[in-house]
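Accompanying notes for the structure given below.
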Amino acid sequence: MHKSADSAGVDFSREQLASQAAAVLARLRATQPRVHCITNSVAQNFTANALLALGAVPSMTLSGEEIGAFVSRSNALLVNLGTFDRERREATAIAIDAAAQSGLPWVLDPVFVDRAERRCAYAHDLMALAPHAVRLNAAEFTALSGDAPSRAAVASYARERGTVIGLTGASDLIADGARMASVANGHPLMARVTAMGCAASSIVAACLAVEPDAHVATSSAMLIVGVAGEMAADDAKGPGSFAVAILDALYTIDTQTLAARARII
Amino acid sequence: MHKSADSAGVDFSREQLASQAAAVLARLRATQPRVHCITNSVAQNFTANALLALGAVPSMTLSGEEIGAFVSRSNALLVNLGTFDRERREATAIAIDAAAQSGLPWVLDPVFVDRAERRCAYAHDLMALAPHAVRLNAAEFTALSGDAPSRAAVASYARERGTVIGLTGASDLIADGARMASVANGHPLMARVTAMGCAASSIVAACLAVEPDAHVATSSAMLIVGVAGEMAADDAKGPGSFAVAILDALYTIDTQTLAARARII
Amino acid sequence: MHKSADSAGVDFSREQLASQAAAVLARLRATQPRVHCITNSVAQNFTANALLALGAVPSMTLSGEEIGAFVSRSNALLVNLGTFDRERREATAIAIDAAAQSGLPWVLDPVFVDRAERRCAYAHDLMALAPHAVRLNAAEFTALSGDAPSRAAVASYARERGTVIGLTGASDLIADGARMASVANGHPLMARVTAMGCAASSIVAACLAVEPDAHVATSSAMLIVGVAGEMAADDAKGPGSFAVAILDALYTIDTQTLAARARII
Chain R
1061 MHKSADSAGV DFSREQLASQ AAAVLARLRA TQPRVHCITN SVAQNFTANA LLALGAVPSM
1121 TLSGEEIGAF VSRSNALLVN LGTFDRERRE ATAIAIDAAA QSGLPWVLDP VFVDRAERRC
1181 AYAHDLMALA PHAVRLNAAE FTALSGDAPS RAAVASYARE RGTVIGLTGA SDLIADGARM
1241 ASVANGHPLM ARVTAMGCAA SSIVAACLAV EPDAHVATSS AMLIVGVAGE MAADDAKGPG
1301 SFAVAILDAL YTIDTQTLAA RARII
Chain H
1061 MHKSADSAGV DFSREQLASQ AAAVLARLRA TQPRVHCITN SVAQNFTANA LLALGAVPSM
1121 TLSGEEIGAF VSRSNALLVN LGTFDRERRE ATAIAIDAAA QSGLPWVLDP VFVDRAERRC
1181 AYAHDLMALA PHAVRLNAAE FTALSGDAPS RAAVASYARE RGTVIGLTGA SDLIADGARM
1241 ASVANGHPLM ARVTAMGCAA SSIVAACLAV EPDAHVATSS AMLIVGVAGE MAADDAKGPG
1301 SFAVAILDAL YTIDTQTLAA RARII
Chain Z
1061 MHKSADSAGV DFSREQLASQ AAAVLARLRA TQPRVHCITN SVAQNFTANA LLALGAVPSM
1121 TLSGEEIGAF VSRSNALLVN LGTFDRERRE ATAIAIDAAA QSGLPWVLDP VFVDRAERRC
1181 AYAHDLMALA PHAVRLNAAE FTALSGDAPS RAAVASYARE RGTVIGLTGA SDLIADGARM
1241 ASVANGHPLM ARVTAMGCAA SSIVAACLAV EPDAHVATSS AMLIVGVAGE MAADDAKGPG
1301 SFAVAILDAL YTIDTQTLAA RARII
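Below, the structure is given as structure tokens:
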């Protein structure tokens, strides 16, 4: 994997990232994968709408009595920690087990592990179950890994845990220990819409459903979300219209837009 | 009931459906019925907003300790199966009992019964409690009835169960065993917004609150939702702006628009 | 405190209210307070987006195992009664205790206490824990206080309970027993969007996080929300676009707009 001409320290040019994402997006729209989401009630509606806009089919039940059946009929699983009570932890255990038995990829989103010790301890337990990818922000990375979110620390944590880390912020890093990608797309209004990160994690899951290379899937998802955010900002007057416009953008985003807008850092 | 001039196999002309729906809509806006909704957390916000936009007053508590009081002060009840855990099944039993004691109509929406056996078994239990109407899609009809969703099968299942079946899809069928109506309105973007079917079911409940003939109430609800979907699509750039515009359309839809846009098949 | 020139029976002129609210808003945006919200699942998404649009940082977990940690790292707490089951009542008790220990202000929103006796009884229990402010509508005030919502009754109830009452409706009253403010801003479409009152209560909490005088904080929140509602109505075609536009308005509202639009009665 050669270094890109326009950035140091990353293994993918903007053209490579755009091309990979376009291929993943085309497969996603052609196959309409089912993504089962264990997520918090704040995020459920926006997450479902983001998946539907992109072309995936969400389901969201949290009942331990049926979640195994739902997961085994899905193509990928999202586990978002905004959901912490005992009943939901039991459902999560069943869901991850069902995903493992069916060979499905799953994504961990360790929301707010920087805010409560027990939540962070639970995230450590889930890391031991080997998620295919983890999407998180800088504060969550620091709480989970114990390190400041430098490129070296992200690569090291990904390598040590044998997973893909998708660290989002003003720019995004995607590392699997061997490879590092960056995505410089996005917009500050994304931080003013609740559940934007949760929705991004669900899109990682949707991409994993159609792309076996978890690094390619995660970096494609990050690029799609970042470019959609920039498309949305073109029309938005504030976070309300931005949240609407990013759903429209996930519906209309295409190969040409990805190629024209992709940026790395 | 004479056959309409512009369609075979249905008992209502487009003019009849539009006229019925306009009368139901006028009563709904004049009386502002209370609709208690047992629905899943993905759908709650959009369902409440759809009811408010149309002129009804939603409530949504799921607590067994108070749901009886809420239902007995309402004018109709929606039971949506997106809600499956034990606590909510207990609340559902209390709510249906309270509706029966108060003589309130109730609607069953057997969401995703095609995805998990236990959910389907629970839907069968609820069918035995005689909902006034059932709104569902083709996959859910097949799972529930054991038959492919032909006109004959829908009519037969409605007759056998003594209820109104509102089957939604590219076009909708509304059957009570004696009568069959069709609604050809709607738009493909409706399938790209989560909880659109759940919201439609809540509008069936709102119409039942003001119209004792459950077949008229259900076909009116289907027509109102389908026409609102077409109005929304006129302005939408994708599923985000479509979801916003359909709420505006439910607020502004009127007799003239229903008459001009109603279509049957 | 002198009577305003343009209204009888209130202690704040429109200029005073606008000036206070502008100062509170500036502090809120500068400090980005964390507001922990115990609220119902219908309201969670819109409430979080309203807080983010204004410049605050919401969190919403309801798990008893971690809510104490979340609250103690927050700057204010909202307790909304749309959440009634046993688990959530336990979480509420922990949260209010954590707020008291950390010296944090908290707001009570006694949603729908007029609909179920047990909910009203629970609201009385919470009133005994001395919320810094209570935001409610006329029906809820009557159920809670046993009195019709006259200015005298609102002032009397606030004085007796040692709290600030923010009574919202076609116009709003804000009383702490010693002082009375009115806000005449707002728009009828606010009643057609679910969780608008819940979001307003969360904004009271956000203002309390940056303003120790609870009467000033509550009247500032009421003015900000009312003016944002009028800004939103300028562009809205119905309740769908109104809900989007009020989030944009909370993001863009400024000192000049508050000064130009503030009205009292």
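Chains as they are written, first to last, in this note's numbering: chain R, 1061 to 1325; chain H, 1061 to 1325; chain Z, 1061 to 1325. All C-beta atoms in this analysis are idealised placements derived from N, C-alpha and C, irrespective of residue type, glycine included. Keep in mind the model is a prediction, meaning the values are calculated, not measured.
(message) Helix, strand or coil, according to DSSP, for A1313 of chain R in the structure here?
(response) Numbered from 1 along the first sequence, position 253 holds the residue referred to as residue 1313 of chain R. Contrary to the premise, residue 1313 of chain R reads as Ile rather than Ala in this sequence. In the structure shown, I1313 of chain R sits in coil (DSSP, three-state: anything other than H, G, I, E or B).
(message) Using only the alpha-carbon positions, how far apart do R1219 of chain R and D1236 of chain R sit?
(response) One-based indexing of the first sequence puts residue 1219 of chain R at position 159. One-based indexing of the first sequence puts residue 1236 of chain R at position 176. R1219 of chain R and D1236 of chain R: Cα-Cα distance of roughly 6 Å.
(request) Count the C-beta pairs between the stretch 1291-1299 of chain R and the stretch 1107-1127 of chain R that are closer than 8 Å, then say yes if the count reaches three, no if not. (result) no
(message) Taking a contact to mean a Cβ-Cβ separation below 8 Å, would you say L1227 of chain R touches A1081 of chain R in this structure?
(response) Translated into positions along the first sequence, residue 1227 of chain R becomes position 167. Translated into positions along the first sequence, residue 1081 of chain R becomes position 21. Cβ distance not < 8 Å, so L1227 of chain R and A1081 of chain R don't count as in contact.
(request) Return no unless some Cβ of chain R is closer than 8 Å to the Cβ of Q1080 of chain Z. (result) The residue labelled residue 1080 of chain Z in the question sits at position 20 within the third sequence. Not an interface residue.
(message) For a quick check, are the C-beta atoms of W1166 of chain H and V1139 of chain H less than 8 Å apart?
(response) Counted from its first residue, the second sequence places residue 1166 of chain H at position 106. Counted from its first residue, the second sequence places residue 1139 of chain H at position 79. Yes, these two residues count as a Cβ contact at 8 Å.
(message) Quick check: what's the CA-CA separation for T1312 of chain Z versus R1087 of chain Z?
(response) Looking up residue 1312 of chain Z in the third sequence gives position 252. Looking up residue 1087 of chain Z in the third sequence gives position 27. Here the alpha carbon of T1312 of chain Z sits roughly 15 Å from the alpha carbon of R1087 of chain Z.
(request) Mind listing the chain Z neighbours of P1299 of chain R? Cutoff is C-beta to C-beta under 9 Å, in chain order. (result) What you label residue 1299 of chain R is simply residue 239 of the first sequence in a count that begins at 1. N1109, L1112, A1113, L1307, D1308, L1310 and Y1311, listed in chain order.
(message) If the cut-off is 9 Å on Cβ atoms, which residues from the stretch 1249-1265 of chain R count as contacting chain H, listed in chain order?
(response) none
(request) Using a Cβ-Cβ cut-off of 8 Å, state whether H1062 of chain Z counts as contacting chain H. (result) Reading the third sequence from its first residue, position 2 is the one you call residue 1062 of chain Z. In this prediction, H1062 of chain Z has a pLDDT of 42, which is less than 50 and means its spatial position is unreliable; what the coordinates show is noted afterwards. Not one chain H Cβ lies under 8 Å of H1062 of chain Z.
(request) Using only alpha-carbon positions, find the residue among Z:E1150, Z:P1093, Z:L1204 and Z:I1156 that is nearest to V1171 of chain Z. (result) Here residue 1171 of chain Z is taken as the residue at index 111 of the third sequence, counted from 1. Here the closest residue by C-alpha is Z:L1204.
(message) Rounded to whole angstroms, what is the Cα-Cα separation between R1211 of chain Z and L1233 of chain Z?
(response) Counting from 1 along the third sequence, the entry for residue 1211 of chain Z is found at position 151. Counting from 1 along the third sequence, the entry for residue 1233 of chain Z is found at position 173. Cα-Cα distance, rounded: 8 Å.
(message) According to DSSP, simplified to helix, strand and coil, what is A1296 of chain R?
(response) The residue labelled residue 1296 of chain R in the question sits at position 236 within the first sequence. A1296 of chain R falls in the coil class under three-state DSSP.
(request) Spatial neighbours of Q1104 of chain R within its chain, please: CB distance less than 7 Å, with the 5 preceding and 5 following residues excluded, ordered by chain position. (result) Along the first sequence, one-based indexing puts residue 1104 of chain R at 44. Correct list, in chain order: M1120.
(request) Please confirm whether F1144 of chain Z and E1126 of chain H have their CB atoms less than 8 Å apart. (result) Taking the third sequence and counting its residues from 1, one reaches residue 1144 of chain Z at position 84. Taking the second sequence and counting its residues from 1, one reaches residue 1126 of chain H at position 66. For the 8 Å CB-CB criterion, F1144 of chain Z and E1126 of chain H form a contact.
(request) Taking only the alpha-carbon atoms, compute the straight-line gap between Y1217 of chain Z and H1096 of chain H and give it to the nearest angstrom. (result) The residue given as residue 1217 of chain Z occupies position 157 in the third sequence. The residue given as residue 1096 of chain H occupies position 36 in the second sequence. Looking at the two C-alpha atoms, the distance is approximately 31 Å.
(message) Assuming G1226 of chain Z is part of the beta strand (DSSP E), what are its boundary residues?
(response) Here the question's residue 1226 of chain Z lines up with position 166 in the third sequence. Taken as a continuous stretch (DSSP letters only), the beta strand (DSSP E) holding G1226 of chain Z covers V1224 to T1228.
(message) Looking only at its chain, what residues have a beta carbon closer than 7 Å to the beta carbon of L1189 of chain R, apart from the 5 residues adjacent to it on each side?
(response) Translated into the one-based positions of the first sequence, residue 1189 of chain R becomes position 129. The answer, listed in chain order, is I1156.
(message) Looking at the secondary structure, which residues open and close the alpha helix (DSSP H) in which V1095 of chain R lies?
(response) Start at 1 with the first residue of the first sequence, and residue 1095 of chain R comes out as number 35. Element bounds for V1095 of chain R: not the alpha helix (DSSP H) but the beta strand (DSSP E), R1094 to I1098.
(request) Report the residue from R:R1323, R:D1071, R:P1209 and R:A1296 whose alpha carbon sits nearest the alpha carbon of L1249 of chain R. (result) Reading the first sequence from its first residue, position 189 is the one you call residue 1249 of chain R. Looking at the Cα atoms, R:A1296 is the closest of the given residues.
(message) Is the separation between the beta-carbon of V1084 of chain H and that of C1267 of chain H shorter than 8 Å?
(response) Here residue 1084 of chain H corresponds to residue number 24 of the second sequence, with the count starting at 1. Here residue 1267 of chain H corresponds to residue number 207 of the second sequence, with the count starting at 1. In this structure, C1267 of chain H lies closer than 8 Å to V1084 of chain H by Cβ.
(message) Residues of chain Z with CB closer than 7 Å to the CB of A1176 of chain R, please, in chain order.
(response) As a working note, residue 1176 of chain R is residue 116 in the first sequence. Within chain Z, the residues near A1176 of chain R are E1126, A1129 and F1130.
(request) Would you mind telling me which residues of chain Z sit closer than 8 Å to E1359 of chain H, beta carbon to beta carbon, in chain order? (result) Chain H is shown only over 1061 to 1325; residue 1359 of chain H falls outside these bounds and no answer can be derived.
(message) Within 10 Å of its beta-carbon, does Q1316 of chain R have 16 or more other beta-carbons around it, so buried, or fewer, so exposed?
(response) For this step, residue 1316 of chain R is matched to residue 256 along the first sequence. So Q1316 of chain R counts as exposed.
(request) Closer than 6 Å by C-beta to A1078 of chain H: which residues in its own chain qualify, once you throw out the five before and the five after it? Chain order, please. (result) Walking along the second sequence from the start, residue 1078 of chain H turns up at place 18. Answer for A1078 of chain H: L1318, A1319 and A1322, listed in chain order.
(request) Report yes if the CB atom of T1107 of chain Z is closer than 8 Å to the CB atom of S1301 of chain Z, and no otherwise. (result) Counting from one through the third sequence, the residue named residue 1107 of chain Z turns up at place 47. Counting from one through the third sequence, the residue named residue 1301 of chain Z turns up at place 241. Result no, Cβ atoms of T1107 of chain Z and S1301 of chain Z do not sit closer than 8 Å.
(message) Between L1318 of chain R and chain Z, is any beta-carbon pair separated by less than 8 Å?
(response) As a first step, residue 1318 of chain R is located in the first sequence; it is residue number 258 there, counting from the start. No, because no Cβ of chain Z sits closer than 8 Å to the Cβ of L1318 of chain R.
(message) Which residues in chain Z have a C-beta closer than 9 Å to the C-beta of N1105 of chain H? List them in chain order.
(response) Stepping through the second sequence from its first residue, residue 1105 of chain H is reached at position 45. Per Cβ cutoff of 9 Å: S1101, V1102, A1103, Q1104, N1105, F1106, T1254 and A1255.
(message) Which residue wins for smallest C-alpha separation from A1090 of chain H, given the options H:A1303, H:V1285 and H:E1271?
(response) Along the second sequence, one-based indexing puts residue 1090 of chain H at 30. That would be H:E1271, whose Cα lies nearest to the Cα of A1090 of chain H.
(request) Give me the Cα-Cα distance between A1159 of chain R and S1132 of chain R, rounded to the nearest whole angstrom. (result) Within the first sequence, numbered from 1, the residue matching residue 1159 of chain R stands at position 99. Within the first sequence, numbered from 1, the residue matching residue 1132 of chain R stands at position 72. Their backbone Cα atoms lie some 7 Å apart in a straight line.
(request) Indicate whether at least one CB of chain H lies closer than 8 Å to the CB of R1087 of chain R. (result) Here residue 1087 of chain R corresponds to residue number 27 of the first sequence, with the count starting at 1. Not an interface residue.
(request) Please go through the stretch 1135-1182 of chain R and give each complete alpha helix (DSSP H) segment of 4 or more residues, from N-terminal end onward. (result) 1146-1162
(request) Look at the Cβ atom of L1307 of chain H, then the Cβ atom of G1298 of chain Z, and state whether they are nearer than 8 Å. (result) As a working note, residue 1307 of chain H is residue 247 in the second sequence. As a working note, residue 1298 of chain Z is residue 238 in the third sequence. Yes; because the gap between Cβ atoms is below 8 Å, this pair is in contact.
(message) Quick check: what's the CA-CA separation for G1246 of chain H versus I1284 of chain H?
(response) As a working mapping, residue 1246 of chain H is identified with position 186 in the second sequence. As a working mapping, residue 1284 of chain H is identified with position 224 in the second sequence. About 10 Å.
(request) Please work out which residues of its chain come closer than 7 Å, Cβ to Cβ, to V1264 of chain R, disregarding the five sequence neighbours upstream and downstream, and give them in chain order. (result) Numbered from 1 along the first sequence, position 204 holds the residue referred to as residue 1264 of chain R. Excluding residues within five positions, the ones whose Cβ falls inside 7 Å are V1167, A1193, R1195, G1226, A1277, T1278 and A1281.
(request) With a threshold of 16 other CB atoms inside 10 Å of the CB of H1275 of chain Z, please say whether the residue is buried or exposed. (result) In the third sequence, the residue the question calls residue 1275 of chain Z occupies position 215. With 16 or more Cβ atoms within 10 Å of its Cβ, H1275 of chain Z is classed as buried.
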